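Asker: Structure below; questions to follow.
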Amino acid sequence: MALHPITQAVRIQTERTNEMEHSTPLFLTSSFCYDDAEEMRATFADENDFNIYSRFSNPNVSEFTNKVVALEGAEAGYATASGMSAVFATFMALMKQGDHLISCNAIFGSTHGVVTKYLPKYGIEYTYVPVEATAEEWEAAVKPNTKMIFIETPTNPGLDIIDLEMVGQVAKRHNLIYNVDNCFATPIGQRPIEFGADLVVHSATKWIDGQGRALGGVVVGRPDLIKEIYLFCRSTGPSMSPFNAWVLSKSLETLDVRMERHSSNALHIAESLEGHPAITSLKYPTLPSHPQYEIAKKQMLQGGGIVCFELKGGLESGRKFLDALELLTLTANLGDSRSIASHPASTTHAKLTEVERLTVGITPGLIRISVGLEYKDDILNDIVQALEKC
């Protein structure tokens, strides 16, 4: 019987043991055993898919990965210790000295650090393209040695929307690997493979976990590319722990219903705050005032759980706003069941220069709200009372 991906996220499960458990058990083991020498030889020779060592594979990790593969409509996947290890692995496993990466210029601060500081150390060039670039501008960035296009959409933290299909067509014309960070939208809100992506990356620490408990990353996509990423990670060691995989696999069972609530709460917050006298601008992907609203409507199934806005008073107003919050949490995370407020210029993107931040819309007064699962008007009321004190 053919099952919907959301059902697969609930029902995909490691084969039951002799105990006949209903919930997948934890496989907290570093290594795995064999019945005889021949079985062990065949396993190490890749003649079967038996487990060898949890740095390579583990039943809990495989279950989690298979669920994300189903949700994204991918063919294969590999899970890592964190979102950044997944991003880094896609770069280092698939590019070499002399290659060239094209990336949108608005990306997560740590990804920016990898692209601008570490890739050049290995002889990999990069070119940033503005998030609002046309197909012609993406085309103009392609060089003879270009190997990959990497984008985030929606971007972190500015919620810019990049046309997945347009960039995918550029990648296809030039036979480039098309790598998409889908963390903000999740596979519930957006499926980049349907628009031409070869790889989709997630920080599972965020919405996939959903309760601020576990670190994790995952990359899914074309089997030939995933194999190279697997071999790189198998040797270099950024493996996901079985316990975190067990937690994250259970989280996927509720991702659909959680994202529906996160998105509806976020839209309510965005609609209610738009035009507030303390705010100069506000962004939410499915709000008609968003500059890329038509693109968001085309490729997103829902708007996600992030709202961002610019305070009139800049940095000082941002400090006053955060200090006045009573319900929302100040923490270095997003995608939690509890609503979170952050100031990107002084936290997640602090290592960018001021010029770099302003280029991608990270102004001193930018506030990012990760909208949680609390009652929507409790979240809104806390934000409003804090805005009154700016």
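Per the working numbering, the very first residue in the sequence shown carries number 1078; after that it's consecutive.
Built from N, CA and C at the ideal position, the CB exists for glycine as well.
No experiment lies behind these values; they were computed from the predicted model shown.
For residue 1466 and residue 1353, I'd like the C-alpha separation in whole angstroms.
Answerer: Mapped onto the sequence shown, residue 1466 falls at position 389. Mapped onto the sequence shown, residue 1353 falls at position 276. So the alpha carbons of these two residues sit roughly 13 Å apart.
Asker: Counting contacts by CB-CB distance shorter than 8 Å, is residue 1451 in contact with chain B?
Answerer: No chain B appears in this structure, which consists of one protein chain only.
Asker: How would you call residue 1317, buried or exposed, if buried means at least 16 neighbouring beta carbons within 10 angstroms?
Answerer: Numbered from 1 along the sequence shown, position 240 holds the residue referred to as residue 1317. With 16 or more other Cβ atoms within 10 Å, it is buried.
Asker: Going by Cα to Cα distance, which pick from 1228, 1252, 1137 and 1110 is closest to residue 1241?
Answerer: Looking up residue 1241 in the sequence shown gives position 164. With distances taken between Cα atoms, residue 1241 lies closest to 1228.
Asker: Say whether the segment 1218-1227 touches the segment 1411-1430, bearing in mind that this needs 3 or more beta-carbon pairs closer than 8 Å, one atom from each stretch.
Answerer: Too few Cβ pairs lie closer than 8 Å, so no.
Asker: Among 1405, 1420 and 1161, which residue has its Cα nearest to the Cα of residue 1279?
Answerer: Against the sequence shown, residue 1279 aligns to sequence position 202. It is 1161.
Asker: From what residue to what residue does the beta strand (DSSP E) around residue 1445 run?
Answerer: Numbered from 1 along the sequence shown, position 368 holds the residue referred to as residue 1445. Here the beta strand (DSSP E) through residue 1445 covers 1443-1447.
Asker: The ligand NAP heavy atoms versus the CB of residue 1108: any closer than 7 Å?
Answerer: The ligand NAP is not among the ligands present in this structure, which contains no ligands whatsoever.
Asker: Could you tell me which residues DSSP puts in a beta bridge with residue 1280?
Answerer: Taking the first residue of the sequence shown as position 1, residue 1280 is located at position 203. Per DSSP, 1294.
Asker: Extract the residue ranges of the alpha helix (DSSP H) inside the segment 1248-1274, only unbroken runs of 4 or more that lie entirely within it.
Answerer: DSSP runs (the alpha helix (DSSP H)) wholly in the segment 1248-1274: 1263-1266.
Asker: With residue 1548 as the anchor, note down where its beta strand (DSSP E) starts and where it stops.
Answerer: In this structure the chain extends from 1078 to 1467, so residue 1548 is not present and cannot be described.
Asker: Tell me the rounded alpha-carbon separation between residue 1122 and residue 1153.
Answerer: Working through the sequence shown from its first residue, we reach residue 1122 at position 45. Working through the sequence shown from its first residue, we reach residue 1153 at position 76. Rounded to whole angstroms, residue 1122 to residue 1153 spans 21 Å at the Cα level.
Asker: Is it true that the CB of residue 1254 sits closer than 8 Å to the CB of residue 1208?
Answerer: By 1-based counting over the sequence shown, the position of residue 1208 is 131. By 1-based counting over the sequence shown, the position of residue 1254 is 177. No, they are not a contact pair.
Asker: Give me the DSSP bridge partner(s) of residue 1107.
Answerer: Locating residue 1107 in the sequence shown gives position 30, counting from the first residue. According to DSSP, which records beta bridges pairwise, residue 1107 is partnered with nothing at all.
Asker: Check this for me: beta carbons of residue 1385 and residue 1235, under 8 Å apart or not?
Answerer: Looking up residue 1385 in the sequence shown gives position 308. Looking up residue 1235 in the sequence shown gives position 158. Yes.
Asker: Can you check the segment 1181-1205 for any alpha helix (DSSP H) of at least 4 residues that lies completely inside it and give the ranges in chain order?
Answerer: The segment 1181-1205 contains these whole alpha helix (DSSP H) runs: 1186-1190.
Asker: In its own chain, which residues sit with a C-beta less than 6 Å from the C-beta of residue 1202, not counting the 5 before and 5 after it?
Answerer: Counting from one through the sequence shown, the residue named residue 1202 turns up at place 125. Answer for residue 1202: 1177, listed in chain order.
Asker: From residue 1434 to residue 1138, what distance separates their C-alpha atoms?
Answerer: What you label residue 1434 is simply residue 357 of the sequence shown in a count that begins at 1. What you label residue 1138 is simply residue 61 of the sequence shown in a count that begins at 1. Taking the straight line from one Cα to the other gives about 36 Å.
Asker: What is the DSSP secondary structure of residue 1417, counted as helix, strand or coil?
Answerer: Stepping through the sequence shown from its first residue, residue 1417 is reached at position 340. In this structure, residue 1417 counts as strand in the three-state DSSP scheme.
Asker: Would residue 1443 and residue 1422 be called neighbours here (beta carbons separated by less than 8 Å)?
Answerer: Translated into the one-based positions of the sequence shown, residue 1443 becomes position 366. Translated into the one-based positions of the sequence shown, residue 1422 becomes position 345. A contact, by the Cβ cut-off of 8 Å.
Asker: Less than 7 Å between C-beta atoms, sequence neighbours within five positions excluded: which residues of the same chain meet that for residue 1120?
Answerer: As a working note, residue 1120 is residue 43 in the sequence shown. Result list for residue 1120: 1111, 1127 and 1129, in chain order.
Asker: Kindly indicate which three-state DSSP category residue 1339 falls into: helix, strand or coil?
Answerer: Taking the sequence shown and counting its residues from 1, the one referred to as residue 1339 is at position 262. Three-state result, residue 1339: helix.
Asker: Among the candidates 1157, 1463, 1445 and 1416, whose CA atom is the shortest distance from the CA of residue 1291?
Answerer: Numbered from 1 along the sequence shown, position 214 holds the residue referred to as residue 1291. Comparing Cα positions, the closest option is 1157.
Asker: For the alpha helix (DSSP H) that contains residue 1080, what are its first and last residues?
Answerer: Taking the first residue of the sequence shown as 1, we reach residue 1080 at position 3. Looking at the DSSP string, residue 1080 is not in any alpha helix (DSSP H), and its letter there is neither H nor E.
Asker: Assuming residue 1385 is part of the beta strand (DSSP E), what are its boundary residues?
Answerer: Position 308 of the sequence shown, counted from the first residue, corresponds to residue 1385. Segment 1383-1388, the beta strand (DSSP E) holding residue 1385.
Asker: Please classify residue 1320 as buried or exposed, where buried requires at least 16 neighbouring CB atoms within 10 angstroms.
Answerer: For the purposes of this step, residue 1320 is taken as the residue at position 243 of the sequence shown. The residue is exposed, with fewer than 16 neighbouring Cβ atoms inside 10 Å.
Asker: In or out: residue 1447 buried (at least 16 other Cβ within 10 Å) or exposed?
Answerer: Position 370 of the sequence shown, counted from the start, is the residue given in the question as residue 1447. Buried, by the Cβ-count rule.
Asker: Grab me the residues of residue 1251's own chain with a C-beta within less than 6 Å of its C-beta, minus the 5 sequence neighbours each way, in chain order.
Answerer: Counted from its first residue, the sequence shown places residue 1251 at position 174. These residues qualify, in order along the chain: 1219.
Asker: Considering only residues of the same chain and omitting the five flanking positions on each side of residue 1098, which have a CB-CB separation below 6 Å?
Answerer: Taking the sequence shown and counting its residues from 1, the one referred to as residue 1098 is at position 21. So the list is empty, once near-sequence residues are dropped.
Asker: May I ask which residues mark the beginning and end of the beta strand (DSSP E) holding residue 1148?
Answerer: Residue 1148 sits at position 71 when you count from the first residue of the sequence shown. No beta strand (DSSP E) holds residue 1148; the alpha helix (DSSP H) holding it covers 1136-1149.
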